[in-house]
């Protein structure tokens, strides 16, 4: 079609080179983290490991799995991910179904209430006072209730529901189906892709959160996995030092830091697993970022 | 009218339930802003926001007179501006570079990989930073030492002079790939015949990028820029000013890492000075609002496109 000029060759060379470097800089840290998690913790403190575990062991993982504190926070994270995603989908879709209802009275008024709500924020302290007033502090519910309505997904869901052909609803109504029945038997089954997208994004957000655990909870049994990791990071910025190595059991070779890295691998793993499915919804996802801006 | 509402009773019930939730968690905290001007005590609960004594601008004055006020403002604005300057152009460049890749497989691979850190918690990213840059056998210092490039380990995580760079660099690493999506989408919407015509006219790659791609996505650039300026104090596009200062800030680098948000957090939730912290938050929101409207105004004047 066209001749490749010298400019093309030079451009392509540098373009591919730089992009390859970016890909390496992005992936290597995750790879290295996995390598260290399979290496003897005491041995890791000596440094010099780059591409492959030097003293291969599963001890970090078995130590993680047998530590009640880590396991507790692991289950709290799983629970908040599942319950949080469910609650958000439940309330957001119900409200969206109502808003998408044909000829609904006050529809415009209702809708603008939500839109304005997206831009209002009172700041951390007033929010804290409200949660305190509701008795949500130091309960599991503080993780999952405040996000029950996700306004961005509400807007997406309203437009999704509106695209469902009206005839399907009409004919169900003629067959004597009530609003509730139509919602559960017709609308929801037709909206599986929407529910999946919501579940994935809300779930990842829940799995990663730690701020609410730091702000609103001081009960050790309710800490999330990410919060537990934060505690270790804050304990010292140089956890590989001799002191923490000393504290480690010489037999297992597991240090506070090697468990921390193992926890990091465990925190990233579920995201890596759902990542291929998440990718389908990226363009919508970026809009989420921009409206929240 | 009542009969139609009655007929739609479930729809109204569902919407009103949703509105109640939004009212409690989005609208109600707005009233809490009053606390910034009041002698508020936490034991009085939500009601206390309205019933407590007015104190005027007392907390604002106290905040302006805090011993590290100047340094915190400097840090907040410094980190935010650096992030805007250095991280805003990167997604645009990355999108253009990706768009020029011929191999679809390679393009997809780099894209997929570069979005990934966006979905990872800052906790994990901070953990990675520690593994890589710790002075005790962190892999970067370790490698540089053994290669003889440096004699002393670089204290990236504790030396205050490195904190701003660390914040900007790590935020870029985490979020730059994510923001390329929006620019790539804009580029893929451009008319391919423009490129063909330019090529026939003898325009090279760089010329085509400069004269077709960049002007073509100008509208998107402006909109994203306004968003970035609007959230400037939170860290702009890449955000995370609070997370970084909270997680990577420590006793050693405190003078360069303490920002308004971490200070408000420490004063408010850690020390229980609720009204004082609310005043700091409010001041920050005011600056943010001014920035949004200001940048929108300037953008409308100069490029004739804006958000609203």
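Protein chains in written order, with the working numbering: chain F, 1 to 293; chain P, 1001 to 1308. Every residue, glycine too, gets a C-beta built ideally from N, C-alpha and C.
1) Which residue spans inside the segment 196-223 of chain F form an unbroken beta strand (DSSP E) run of at least 3?
2) With DSSP as the reference, label residue 52(F) as helix, strand or coil.
3) Just tell me which of 114(F), 118(F), 228(F) has its CA closest to the CA of residue 75(F).
4) For residue 39(F), decide whether its Cβ has a neighbour in chain P, counting only Cβ atoms nearer than 8 Å.
5) Using a threshold of 7 Å, is the CB atom of residue 1218(P) nearer than that to any non-hydrogen atom of the ligand GDP?
6) Which residue from 101(F), 145(F), 172(F), 163(F) puts its Cα closest to that of residue 1005(P)?
7) Indicate whether residue 274(F) and residue 202(F) have their beta-carbon atoms separated by less than 8 Å.
8) Counting only Cβ pairs nearer than 8 Å, list the residues of chain P close to residue 174(F).
9) I'd like to know whether the C-beta atoms of residue 1142(P) and residue 133(F) end up nearer to each other than 8 Å.
10) Starting from residue 1045(P), trace the alpha helix (DSSP H) in both directions and tell me its first and last residue.
11) What residue does the alpha helix (DSSP H) around residue 69(F) start on, and which one ends it?
12) Which of the three DSSP states is assigned to residue 280(F) in this structure?
13) In angstroms, rounded to a whole number, what distance separates the CA positions of residue 1125(P) and residue 182(F)?
14) Do residue 1238(P) and residue 1291(P) have their CB atoms nearer than 8 Å?
15) Count the other CB atoms, across all protein chains shown, that sit within 10 Å of the CB of residue 45(F); report buried if there are 16 or more and exposed otherwise.
16) Alpha helix (DSSP H) containing residue 951(P): first to last residue?
17) Taking a Cβ distance cut-off of 9 Å, strictly less, list which residues of the segment 131-165 of chain F are near chain P, in chain order.
18) Taking the C-alpha atoms as reference points, what is the distance between residue 1206(P) and residue 131(F)?
19) Counting along the chain, where does the alpha helix (DSSP H) carrying residue 1261(P) start and finish?
20) For the segment 1133-1149 of chain P against the segment 1078-1095 of chain P, are there 3 or more C-beta pairs whose distance is under 8 Å?
21) May I have a chain-ordered list of the alpha helix (DSSP H) segments no shorter than 4 residues that lie completely inside the segment 1092-1171 of chain P?
22) Going by the CB atoms, is the gap between residue 1153(P) and residue 1252(P) shorter than 8 Å?
23) For residue 1270(P), is the classification buried or exposed, using 16 other Cβ atoms within 10 angstroms of its Cβ as the cut-off for buried?
24) Name the residue from 13(F), 36(F), 30(F), 14(F) whose alpha carbon lies nearest to the alpha carbon of residue 254(F).
25) Could you tell me whether the segment 69-86 of chain F touches the segment 214-229 of chain F, where touching means 3 or more Cβ pairs closer than 8 Å?
26) First and last residue of the alpha helix (DSSP H) that includes residue 12(F)?
27) With a threshold of 8 Å, are at least 3 pairs of Cβ atoms found where one atom belongs to the segment 254-264 of chain F and the other to the segment 1110-1117 of chain P?
28) Any residues in the segment 1177-1206 of chain P with a beta carbon nearer than 8 Å to a beta carbon of chain F? Which ones, in chain order?
29) By the 8 Å beta-carbon criterion, what residues does the segment 1135-1166 of chain P contribute toward chain F?
30) Are there three or more Cβ pairs, one per stretch, closer than 8 Å when the segment 1086-1105 of chain P is compared with the segment 1170-1183 of chain P?
31) Give the interface partners of residue 85(F) over in chain P, defined as CB-CB distance under 8 Å, in chain order.
32) Taking the alpha carbon of residue 214(F) as the reference point, which residue from 68(F), 192(F), 142(F) has its own alpha carbon closest?
33) Pair every Cβ in the segment 1276-1287 of chain P with every Cβ in the segment 1061-1072 of chain P, then say whether three or more of these pairs are closer than 8 Å.
34) Whole angstroms is fine: what's the gap from residue 1185(P)'s alpha carbon to residue 1216(P)'s?
35) In the DSSP assignment, the alpha helix (DSSP H) including residue 1008(P) goes from what residue to what residue?
36) Determine whether the beta carbon atoms of residue 294(F) and residue 81(F) lie at a separation below 8 Å.
On the basis of the data shown:
1) none
2) coil
3) 228(F)
4) no
5) With respect to the ligand GDP, the structure offers nothing, as it holds no ligand at all.
6) 101(F)
7) no
8) Those within 8 Å of residue 174(F) in chain P number zero; the least Cβ separation is about 16 Å.
9) no
10) 1045-1051
11) 68-100
12) helix
13) 45 Å
14) no
15) buried
16) Outside the displayed range of chain P (1001 to 1308) lies residue 951(P), so it cannot be described from this structure.
17) 131, 132, 133, 134, 145, 146, 147, 148, 149, 151, 154
18) 55 Å
19) 1260-1265
20) no
21) 1104-1115, 1122-1133, 1139-1146
22) no
23) exposed
24) 36(F)
25) yes
26) 6-37
27) no
28) 1177, 1178, 1179, 1181, 1182, 1185, 1199, 1204, 1205, 1206
29) 1135, 1136, 1137, 1138, 1139, 1142, 1143, 1146, 1157, 1158
30) yes
31) Result: empty, since nearest Cβ-Cβ is about 15 Å, beyond 8 Å.
32) 142(F)
33) yes
34) 12 Å
35) Looking at the DSSP string, residue 1008(P) is not in any alpha helix (DSSP H), and its letter there is neither H nor E.
36) Given a span of 1 to 293 for chain F in the structure shown, any question on residue 294(F) remains unanswerable.
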